[in-house]
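Heads up: the structure comes next, in structure tokens.
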Amino acid sequence: MSVIDEAAIEQFMGKVVTELGAAEGVALHRIGDQLGIWKAMAGAGPLTPAQVAERSNCDERYVREWLAAETAAAYVDYDEATGTFSIGDLVAAAMADEDSPMFVGGAWQLTCSVFTDLPKVTEAFRTGGGVGWADHSHDLFEGVERFFRPGYNTELVASWLPALDGVVEKLEAGATVADVGCGHG
2 MSVIDEAAIE QFMGKVVTEL GAAEGVALHR IGDQLGIWKA MAGAGPLTPA QVAERSNCDE
62 RYVREWLAAE TAAAYVDYDE ATGTFSIGDL VAAAMADEDS PMFVGGAWQL TCSVFTDLPK
122 VTEAFRTGGG VGWADHSHDL FEGVERFFRP GYNTELVASW LPALDGVVEK LEAGATVADV
182 GCGHG
């Protein structure tokens, strides 16, 4: 092996560690989404781990670990004086409010589906075959739906349709629309 510059090694390893942290973060965010921990914290103000556990119907020890990790990642705020945790309005809108245009819960779900499908994709690499759309994890479809829903709800009628010449008028007049290639497949 040739001699590699120490700075290049540090830069590369920094990238690796950053990506590992991001991957683990996605899993933690998904746990919070799936178990309703983000929703339990949204708008609740400062809560102890026991209160978060009770509100989300989860085990306190695991919630405490989750809170510590999400605090380290700067998604959850910790008040050392009171031993309580909270999330701000921005985090609540993005992580807990499925009607918010900022909601990203579906992103965590669809990203985790990649790992669920990994054995199928790995086999396709070996055999040259493929993975049929219907063979993917349910989390891919639901995650995509949940991820794009806020944008559609916010923008479809308000801006996307009006940007197409004459479309709104045709729809208002009773145009026929074919919904092709949409939904769960």
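The numbering of the sequence shown is the numbering used here, which starts it at 2 and goes up by one.
Ideal Cβ placement from N, Cα and C applies to all residues, glycine included.
Using 8 Å as the cut-off, classify the Cβ of residue i as near or not near the heavy atoms of the ligand FMN, replying yes or no.
i: A125; result: Of ligands this structure carries none, so the ligand FMN is not represented either.
Could you pull the start and end residues of the alpha helix (DSSP H) that residue i belongs to?
i: D78; result: Counting along the chain, D78 falls outside any alpha helix (DSSP H), though it belongs to the beta strand (DSSP E) covering 78-80.
i: G187; result: Residue numbering for the chain in the displayed model covers 2 to 186; residue 187 lies beyond these limits and cannot be assessed.
i: F149; result: 139-156
i: D90; result: 90-96
i: L119; result: 119-128
i: T72; result: 61-73
i: M42; result: 38-42
i: L172; result: 168-173
i: S57; result: 50-57
DSSP has residue i in a bridge; who is on the other side?
i: T85; result: D80
Could you name the residues of the same chain whose beta carbon sits closer than 8 Å to that of residue i, not counting the 5 residues immediately before and after it, in chain order?
i: T72; result: D78, Y79, F86
i: T177; result: none
i: A174; result: none
i: N154; result: D100, P102
i: G152; result: P102
Taking a contact to mean a Cβ-Cβ separation below 9 Å, would you say residue i touches residue j in this structure?
i: V27; j: T123; result: no
i: W67; j: L29; result: yes
i: R56; j: E99; result: no
i: L36; j: M42; result: no
i: E25; j: A93; result: no
i: K16; j: A97; result: no
i: D140; j: S114; result: yes
i: A74; j: G22; result: yes
Considering only residues of the same chain and omitting the five flanking positions on each side of residue i, which have a CB-CB separation below 7 Å?
i: V132; result: D118, K121, V122, A125
i: G46; result: S87
i: E143; result: Q110
i: V168; result: L162
i: G84; result: T49
Taking 6 Å as the limit between beta carbons, can you name the residues of its chain near residue i, skipping five residues before and five after?
i: D34; result: G106, W109
i: E61; result: P50, A51, A54
i: V64; result: P50, V53, A54
i: C59; result: L36
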